[in-house]
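When we follow this note's numbering, the leftmost residue of the sequence shown carries the number 221, and every step to the right adds one.
Where is the CB? At the ideal position from N, CA and C, for every residue including glycine.
Owing to the predicted nature of the structure, the values given are computational and were not obtained by experimental measurement.
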Amino acid sequence: MKPSQPSLTPDYFDSLYNADADPWKFETSDYETKKYAATLAALPKSCYRSVLEIGGSIGVLTAMLAERCEALLSIDVSEMAQQKAIDRCCALSNVRFQLMQVPQTYPEEQFDLTVLSEVGYYWCWEDLQKAQQLMLEHLEPGGHLLLVHWTPYADYYDNPLSGDEVHEAFLALPSSQIKHLGGDRAEKYRLDLFERV
Ligand SMILES: C[S@@+](CC[C@H](N)C(=O)[O-])C[C@H]1O[C@@H](n2cnc3c(N)ncnc32)[C@H](O)[C@@H]1O
221 MKPSQPSLTP
231 DYFDSLYNAD
241 ADPWKFETSD
251 YETKKYAATL
261 AALPKSCYRS
271 VLEIGGSIGV
281 LTAMLAERCE
291 ALLSIDVSEM
301 AQQKAIDRCC
311 ALSNVRFQLM
321 QVPQTYPEEQ
331 FDLTVLSEVG
341 YYWCWEDLQK
351 AQQLMLEHLE
361 PGGHLLLVHW
371 TPYADYYDNP
381 LSGDEVHEAF
391 LALPSSQIKH
401 LGGDRAEKYR
411 LDLFERV
């Protein structure tokens with residue numbers, strides 16, 4: 221484990237998006253396309269009432285999730301990324317966007333699905349724990365929480381946590397609060413699905 225580091229800041233992500241409009245190649249990478257297909261396939265319900273996507277970035281996954289719900293709120297810390305997402309999803313009337321830094325702020329709504337895909341390892345432990353509580357508080361009973369994170373770990377990454385550390389922190393939550401419905405580990409990512417008790 222790396223020495224403890226603070227959460228990565230909005231400035232960090234803005235500078236990434238300044239240097240490259242699609243820093244993780246969400247629009248073009250085969251790996252991301254396959255991972256998105258696995259993400260959507262892991263959702264037990266064909267249509268959710270109200271979805272929260274944390275860290276929606278430039279909106280590639282957002283547009284796919286929009287087909288699986290009546291309403292979707294996508295939040296991100298980067299205005300530059302979110303503007304691309306707004307442009308991409310302009311024809312999707314069920315999608316809303318808000319600039320928001322979790323866990324400092326969180327939508328004052330209840331959701332029946334929360335998606336945390338490739339975001340949790342940017343938090344420090346303390347923020348991860350605060351974010352977990354907010355996710356639980358704002359997930360209705362029977363609602364689903366889907367986690368997807370890259371698992372290879374290297375010291376040169378800026379991330380305070382690894383993907384595995386994020387998933388293990390959710391697996392360690394009391395079973396009176398959340399039930400683990402299943403998970404899958406691919407070569408470079410893992411996916412875990414939970415249900416709010
Ligand atoms: C690697 S991208 C993930 C994109 C998308 N979820 C996906 O899987 O395709 C991470 C995104 O999370 C955003 N982000 C990072 N920390 C955040 C925070 N504390 N609150 C909200 N968004 C955050 C970043 O700006 C970035 O756009």
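Thinking C-beta only, is residue j closer than 7 Å to residue i?
i, j, result
"F246", "V280", "yes"
"L319", "E346", "no"
"R416", "I398", "yes"
"H424", "V386", "Residue numbering for the chain in the displayed model covers 221 to 417; residue 424 lies beyond these limits and cannot be assessed."
"L354", "Y326", "yes"
"L413", "A241", "no"
"I274", "A301", "no"
"L236", "P226", "no"
Quick check on this structure: which residue in the options has the alpha carbon closest to the alpha carbon of residue i?
i, options, result
"D231", "D347, V315, Y342 and K254", "Y342"
"A305", "T325, T282 and A291", "T282"
"S266", "L285, Q330, W370 and L391", "L285"
"S218", "L263, S249, Y237 and V339", "The first residue shown for the chain is 221 and the last is 417, placing residue 218 beyond what the model contains."
"Q349", "P327, E388 and F317", "E388"
"K408", "K254, S395 and G362", "K254"
Could you tell me if the beta carbon of residue i falls within a distance shorter than 6 Å of some heavy atom in ligand 1?
i, result
"F317", "no"
"Q321", "yes"
"A298", "Rather than Ala, the amino acid found at residue 298 in this sequence is Ser. For ligand 1, at least one heavy atom lies less than 6 Å from the Cβ of S298."
"W244", "yes"
"L293", "no"
"E346", "no"
In the structure shown, what three-state DSSP assignment does residue i receive?
i, result
"L263", "coil"
"G276", "coil"
"E252", "helix"
"Q353", "helix"
"P372", "coil"
"E247", "coil"
"V271", "strand"
"T334", "strand"
Open item on the list: Contact between the segment 328–346 and the segment 307–315 is defined here as three or more beta-carbon pairs at a separation below 8 Å; is this criterion met?
Closed with: no
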